[in-house]
Amino acid sequence: MTPKERAFFIKAGIVLLDNFASLFTSTLLHGIFVLLFTISTTIIIISPPLSPSSHSRRGLTVNTKARLASLLITTLTFLLASIWWASFIATLAIEIRTWFVGIHRGRFTAAQVAAVTRRLYALAQVQSVVTYILPIINDGVVIWRAWALFAERRWVMILPLALLLGTTATSSAYIALYTYPATFKAAMEGRVTTQMAIARFSIACMSLSFLTNVVTTSLVAAKLLQVLSLPSIPPRNRYLTPDAHKIKQLAPQRVMLLLVESGAFYCVLQMSFGIMEVLPASRGSALRIAGRTVFAAFFEISAMLPAFVVVLVHRQRSFVETYGYGNGAAVDFDPGERALASVREG
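Just so we're on the same page, my numbering is the position in the sequence shown counted from 1, plus 24.
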C-alpha cells in the first residue's frame, strides 16, 4: 500500500466513524420519535375537546386552534427530523459506495470527484438548513406556552419576543451564508475568514435561542410561584366536593410545572451542546466523535420536545411528582370529567 493510499483510507475511516456515531444516535432516537409522534398525534386528535365547564363557542374555537397548532408543530418537527435523518443515511451511502464499492473501477476522474462532492455538499446544506430552522420553531413554541399565562400583562413578553426575532434573524443569515454557493464553497475549502463569519452567526443563533428559553421559562416559573402563593379559593358550586375542587385548582399548576420542567430540560440540553461545540477537538479524536454524538442527540431530542410536552400535559404527571416530591396523585387531561364524577358520586 502506497503512502497516498494509506492516507486516503485513514481519512475515509475517520469520516465514516464520525458519520456512523451520529447516524447510530440519530437512528435510535428517531425510532423513539416515531412512537412519540404517533402517541402525541393520537392524543391531539381523539382526546376530549373541552371540559364540561367550557362548552361555549369561544372555548371551542380556542381549543380547536390550539389543537391544530399543536398538530402542525409536532408534524413539522417530525418532518424536519426525518429529513435530517434521511440526509445522514444518504451521505453515508454515497461515501461507502464511492470509496469502497466503486474503487474497483480504478482511479476517479476529476469529473467523478466533482459530481460526488456536489451531492455531498447538497446533503450538508440540507442538514444545516434543517438544523437552524428548528431553534426558531422551538423558541416559538416556548413563547406560545407562556403567552396564555400573561393575557393581562402582554408587555412581559416583549423581551422573549425580541430574542425570538434575534434568533430568527441570525438563523436566516446563517442559512443564507451556508446555502450561497460562493460562501459555502469557500467554507468547505477551509477559508478561515468565511468559516469565522459563519461560526459567529451560528454562535449568535444558539446563544439567543438559549436566552429565549431561559427568560421564558423563568417567567413561567415566576407565574407558578405567584399562583402557589395565592390562598385557596372556595368552590363556587356548592355541589362540587372538596376533592374535585382541589383537582380543578391543581390542574393548571401541574401544567405550569410541566412547562417549567420541559424548559429547564431544554436549557440543560442547549448547555451540553454549547459546551461540546466550544471544546477544541481534532478530526477523528474521541472528543470530536463525542461532540458529533451529542449534536445528533441534541437535534433529535429538540425535535421531540413539542410532542413530548403534549404527552406530559395529557398525563399531567411531572418529574417532581413521579419521583415522590408531589402528592402522588396523577390527574387526567380533562380534570372537569373527574370533578363531574365526584359530583355524581356525592
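We put the beta carbon where it would ideally sit given N, CA and C, even for glycine.
- Contact check for I160 and S195: beta-carbon distance about 6 Å, within the 8 Å limit, so the pair qualifies.
- Taking a contact as a CB-CB distance under 8 Å, the pair I68 and L103 does not count as one, their CB atoms being some 16 Å apart.
- The straight-line gap separating the alpha-carbon atoms of P205 and I113 is approximately 23 Å.
- Judged by beta-carbon spacing, Y156 lies within the 8 Å limit of Y198, meaning their Cβ atoms are closer than that value.
- M295 and A321 have their alpha carbons spaced roughly 13 Å apart.
- For the options V333, S152 and E176, the alpha carbon positioned closest to that of M280 is the one of V333.
- DSSP places A288 in the helix class (H, G or I) of the three-state scheme.
- With 16 or more other CB atoms across the displayed protein chains lying within 10 angstroms of its CB, G315 is buried.
- For secondary structure counted as the beta strand (DSSP E) over 3 or more consecutive residues, the stretch 187–256 holds no complete run.
- One alpha carbon belongs to L248, the other to L147, and they sit about 44 Å apart.
- Looking at A105, N162 and F44, the one whose alpha-carbon comes closest to that of I56 is A105.
- The stretch 177–191 makes contact with the stretch 214–234, as at least three CB pairs between them are under 8 Å.
- In terms of Cα proximity to I107, the closest of V244, P330, E324 and A331 is E324.
- The shortest C-alpha to C-alpha distance from D163 to any of T49, K28, V238 and W109 is the one to V238.
- Distance from the CA of A210 to the CA of M220, rounded to the nearest whole angstrom, comes to 11 Å.
- By the beta-carbon neighbour count (other beta carbons within 10 angstroms, threshold 16), V244 is buried.
- Contact check for I182 against T240 fails: the beta carbons are separated by 8 Å or more.
- The beta carbons of I299 and L41 sit no closer together than 8 Å.
- Excluding sequence positions up to five before and after V180, its CB lies within less than 8 Å of the CB of F174 and L243, all in the same chain and listed in chain order.
- With fewer than 16 other CB atoms across the displayed protein chains lying within 10 angstroms of its CB, P304 is exposed.
- One alpha carbon belongs to A223, the other to T317, and they sit about 20 Å apart.
- Taking all protein chains in view, the Cβ of L158 is crowded by 16 or more other Cβ atoms within 10 Å, so the residue is classified as buried.
- In this structure, the alpha-carbon of L329 lies about 44 Å from that of R30.
- For E324, the three-state secondary structure derived from DSSP is helix.
- Non-local C-beta neighbours of S50 in its own chain, meaning closer than 7 Å and more than five positions away in sequence, comprise W109, F112, A320 and E324, ordered along the chain.
- A Cβ-Cβ distance of about 17 Å is found for the pair S64 and T88, leaving them out of contact under the 8 Å criterion.
- Across the structure, F297 and S326 are spaced so that their CA atoms are roughly 11 Å apart.
- Separation of the CB atoms of W123 and A36 is rounded to 5 Å, and the pair is thereby assigned contact status at 8 Å.
- Take F48, set aside five residues on each side of it, and no residue of its chain has a beta-carbon closer than 7 Å to its own.
- Selection F61, V153, P184 and T192 evaluated against Y202 yields V153 as nearest (Cα-Cα).
- One thing to note: L252 has its Cβ no nearer than 8 Å to the Cβ of L336.
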